[in-house]
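Offset between the sequence shown (1-based) and the numbering used here: plus 22. C-beta atoms are modelled at their ideal positions from N, C-alpha and C, and glycine is treated no differently. Here the structure is laid out as structure tokens; the discussion comes afterwards.
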Amino acid sequence: MGAEAKAPLLEGRTGATPAQTLGNIVVSIVGTGVLGLPYAFRTSGWLAGALGVAGAGAATFYCMLLLLDCRDKLREQEEEVDHDGNYTYGDLGEKCFGAIGRYFTEVTIILSQTGGSVAYLVFIGQNICSVFPTTAAGGEEPPRRVSPAAVVLAVLLPAEAALSFIRSLSSLAPFSILADACTVLAVATVVREDVQLLAGRGGSPFQGRSALAGLWGVPFACGVAVFCFEGFCLTLALEASMSDRRRFRPVLLHAIAGVTAVYVCFGVCGYLAYGDVTRDIVTLNLPNNWSTAAVKIVLCVALALTFPVMMHPIHEIVEARLFPSAGGWARKRAAVQASRVAVVGAVTAVACFVPAFGEFAAFVGSTVCALLSFVLPALFHLRLVGAAASAWRRAVDGGFLLLGLAFAAHGLYTVVSGL
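Laid out in structure tokens, this is it:
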């Protein structure tokens, strides 16, 4: 099984029920990116941000269906190719474009997972610094701020290097559920604070808030929104885990629609509450008291524990390429562990140079996530199903392909022009 086919967190002996599948989809999608949505709405305006998130949700659902159509097309040939029918994202790339297609798909998955992992570290570093903002200085010097990079190197690097030795994904799965539960707790804390601030303002909550802050802010909001829909490459694995696969599409629709609605409401409420002072991680806007500090610490601990889950697809792909043979078990095991520590160290080093969570999330979402979520599904669908599809269906696929490429080019240009 390919590296991107992560085992579902909830599954019975005969496969996952619709309720379990719904939970698996939500867990695979929701992550720390949701806490950056209010800042994206501040950048684009509340109306433009809402439309951008809704559009990203609809596009993500459509492209997930494209992957399922591609898999169904290949399943028609199961008897001819002697395949079990459980194709991974990398398998689709190989079926469409040979070894190059598989390599490109896997590299894109690695970059996407790396972006999410780096975002986890940046998020943890900035939130820990907000809880412990200063350190004592000698003499008459003012207190010094704790650096997020120092937190990442001194605390997270040793911890994550040690956790990388856990190779069983089933052992890590509970941490992922815990992290999502803590994310929900953080969202609830922010919403409570939003309601209190909006109630205290009086008058219209939209007063002084921009509906459209500028056209350049719309791609930024869309990039953060695409980043928020994590777990796209798990679509095929989630469908394969279901006991009645025919019911997967309506379950997927309900999950994406529900998550999109929550994203829109949370982003709008956060921006309306904090306005132009909305931070790129909205938890940084919370007051400095013991309750919010406890929420931040619990959330950061949970994310640190689930970080190995984010790294798991990267480790599997790297190890499959570097250590394909099974000989010399003890030596291979040592080499695998060394490679895991090296990969964690490289990701940690990248996180130390990321200046802001919001801009980084928008960049990752508009580049590698756009390739993974829009460009590759449309390209694979045109390649496998295009000949039998109608003209308008091919036109829609071509539109998604071009839009995804333009979106990725814009995200790359924005970063390069800002250097």
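Three-state class that DSSP yields for residue i in the structure shown
| i | result |
| --- | --- |
| alanine 368 | helix |
| alanine 410 | helix |
| alanine 378 | coil |
| alanine 38 | strand |
| glycine 161 | Any reading at glycine 161 is ruled out, since the residue's pLDDT is 49, under 50, leaving its predicted position unreliable. |
Straight-line gap, residue i to residue j (C-alpha atoms, nearest Å)
| i | j | result |
| --- | --- | --- |
| cysteine 151 | valine 290 | 26 Å |
| leucine 237 | glycine 433 | 14 Å |
| valine 217 | phenylalanine 63 | 17 Å |
| valine 369 | threonine 257 | 25 Å |
| threonine 314 | glutamate 215 | 10 Å |
| valine 206 | serine 139 | 19 Å |
| glycine 161 | serine 169 | Per-residue confidence for glycine 161 stands at a pLDDT of 49, beneath the threshold of 50, marking its modelled position as unreliable; the derived number appears in the next sentence. Approximately 21 Å between the Cα atoms of the pair. |
| alanine 324 | cysteine 204 | 7 Å |
| glutamate 261 | arginine 267 | 6 Å |
| serine 439 | serine 361 | 34 Å |
| alanine 371 | alanine 184 | 16 Å |
| phenylalanine 329 | glutamate 182 | 7 Å |
| valine 56 | leucine 88 | 25 Å |
| valine 299 | valine 376 | 21 Å |
| glycine 297 | glycine 230 | 8 Å |
| aspartate 202 | arginine 97 | 34 Å |
| alanine 378 | glutamate 341 | 31 Å |
Same chain only: Cβ atoms within 6 Å of residue i, ignoring 5 sequence neighbours per side
| i | result |
| --- | --- |
| aspartate 419 | Ala400, His403, Leu404 |
| lysine 354 | Phe345 |
| alanine 70 | Leu234, Val240 |
| glycine 380 | Gly58, Tyr61, Asp302 |
| asparagine 442 | Outside the displayed span of the chain (23 to 441) sits residue 442, for which this structure offers no information. |
| cysteine 374 | Ala171, Val174 |
| glycine 123 | Gly115, Glu116 |
| valine 281 | Ile51 |
| alanine 247 | Gly74, Val75, Ala78 |
Proximity of residue i and residue j at Cβ, strictly below 7 Å
| i | j | result |
| --- | --- | --- |
| glycine 112 | threonine 127 | yes |
| glycine 387 | glycine 245 | yes |
| threonine 65 | phenylalanine 254 | no |
| leucine 220 | alanine 295 | yes |
| glutamine 99 | isoleucine 336 | no |
| leucine 327 | phenylalanine 145 | no |
| valine 317 | threonine 211 | yes |
| leucine 44 | valine 273 | yes |
| leucine 321 | alanine 208 | yes |
| alanine 383 | phenylalanine 270 | no |
| phenylalanine 451 | isoleucine 51 | Absent from the structure is residue 451, since the part of the chain shown begins at 23 and ends at 441. |
| cysteine 92 | serine 395 | no |
| valine 397 | leucine 424 | no |
| phenylalanine 385 | valine 304 | no |
Terminal residues of the alpha helix (DSSP H) in which residue i lies
| i | result |
| --- | --- |
| leucine 178 | First-last for leucine 178: undefined, no H or E at that position. |
| serine 186 | No alpha helix (DSSP H) holds serine 186; DSSP gives it neither H nor E. |
| tryptophan 312 | 312–344 |
| leucine 89 | 68–97 |
| phenylalanine 126 | 111–153 |
| proline 227 | Per DSSP, proline 227 belongs to no alpha helix (DSSP H) and is neither H nor E. |
| valine 304 | Premise fails: valine 304 is in no alpha helix (DSSP H) and is neither H nor E. |
| alanine 247 | 239–250 |
| phenylalanine 270 | 270–296 |
| alanine 259 | 257–262 |
Cβ shell of residue i (< 7 Å), same chain only, five flanking positions each side left out
| i | result |
| --- | --- |
| leucine 393 | Thr130, Gly426, Ala430 |
| alanine 357 | Phe345 |
Same chain, Cβ closer than 8 Å to residue i, five either side skipped, listed in chain order
| i | result |
| --- | --- |
| leucine 306 | Gln148, Asn149, Ser152 |
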